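Below: the structure, in structure tokens.
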Amino acid sequence: MLMGANPREGDNPYIMNREYELAVVFRVDPNEQVINEAIDEVKAWVEENEQSKVTNIDRWGRRRLAYQIKKQREGYYVFYTIEGSPSFLPELERNLKISEKVLRYLVVRKDS
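Right, dumping it as structure tokens:
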């Protein structure tokens with residue numbers, strides 16, 4: 314094989330869908346509706362790409378943080394199970410980074 318001829322993993326259309334877990338810590342708001350909108354917004358970001366979908370949302374709720382994050386002592390924890398190709402990840406991570414509602418996030422690939 315020629316050097317440099319190997320396509321990047323995200324560019325290969327033949328890669329099968331993978332399962333990911335997304336952990337998000339949202340900024341706590343006294344209005345439950347604001348948190349629900351933030352949770353739905355992240356789901357919409359995942360499903361913007363037709364090759365990915367949210368299969369499960371697990372709400373852990375309001376928890377005290379081990380240390381302050383962006384001057385917050387509490388966060389609202391939500392775990393998403395996502396099925397999709399790796400191509401949706403860069404755009405999702407960009408949206409999570411710029412969102413004011415998200416304190417922290419982590420995306421990991423689940424073992425098959």
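Quick note: my numbering has the sequence shown finishing at residue 425, numbered continuously throughout. We treat Cβ as the ideally placed atom computed from N, Cα and C, and that holds for glycine. It should be emphasised that the depicted structure is a prediction, and the values quoted were computed from it without experimental measurement.
#1: Evaluate residue 397 with the Cβ neighbour count: other Cβ atoms within 10 Å of its Cβ, from every protein chain shown; 16 or more gives buried, anything less gives exposed.
#2: So is residue 421 buried or exposed if we call it buried at 16+ other beta carbons inside 10 Å?
#3: Who are residue 364's beta bridge partners in DSSP?
#4: Cα separation between residue 386 and residue 412?
#5: Which whole-angstrom value is the C-beta distance of residue 364 and residue 401, which I expect to be below 8 Å?
#6: At 3 residues or longer, and completely inside the region 345-405: list those beta strand (DSSP E) runs for me, N to C.
#7: Counting only the same chain and skipping the five closest in sequence on each side, list residues whose C-beta sits under 6 Å from that of residue 392.
#8: May I ask you to list the residues that DSSP assigns as paired with residue 340?
#9: Please check the pair residue 388 and residue 405, which I expect to be a contact at CB under 8 Å, by giving their CB distance rounded to whole angstroms.
Working from what's here:
#1: Numbered from 1 along the sequence shown, position 84 holds the residue referred to as residue 397. So residue 397 counts as buried.
#2: Here residue 421 corresponds to residue number 108 of the sequence shown, with the count starting at 1. Counting Cβ neighbours within 10 Å, residue 421 comes out exposed, since fewer than 16 surround it.
#3: For the purposes of this step, residue 364 is identified with residue 51 of the sequence shown, where counting begins at 1. According to DSSP, residue 364 bridges with nothing at all.
#4: For the purposes of this step, residue 386 is taken as the residue at position 73 of the sequence shown. For the purposes of this step, residue 412 is taken as the residue at position 99 of the sequence shown. Their backbone Cα atoms lie some 18 Å apart in a straight line.
#5: Reading the sequence shown from its first residue, position 51 is the one you call residue 364. Reading the sequence shown from its first residue, position 88 is the one you call residue 401. With a Cβ gap of about 6 Å, residue 364 and residue 401 count as contacting.
#6: 365-382, 385-397
#7: For the purposes of this step, residue 392 is identified with residue 79 of the sequence shown, where counting begins at 1. The residues are 336, 371.
#8: Reading the sequence shown from its first residue, position 27 is the one you call residue 340. Beta-bridge pairing links residue 340 to 388.
#9: Reading the sequence shown from its first residue, position 75 is the one you call residue 388. Reading the sequence shown from its first residue, position 92 is the one you call residue 405. Wrong, their Cβ atoms sit about 19 Å apart, outside the cutoff.
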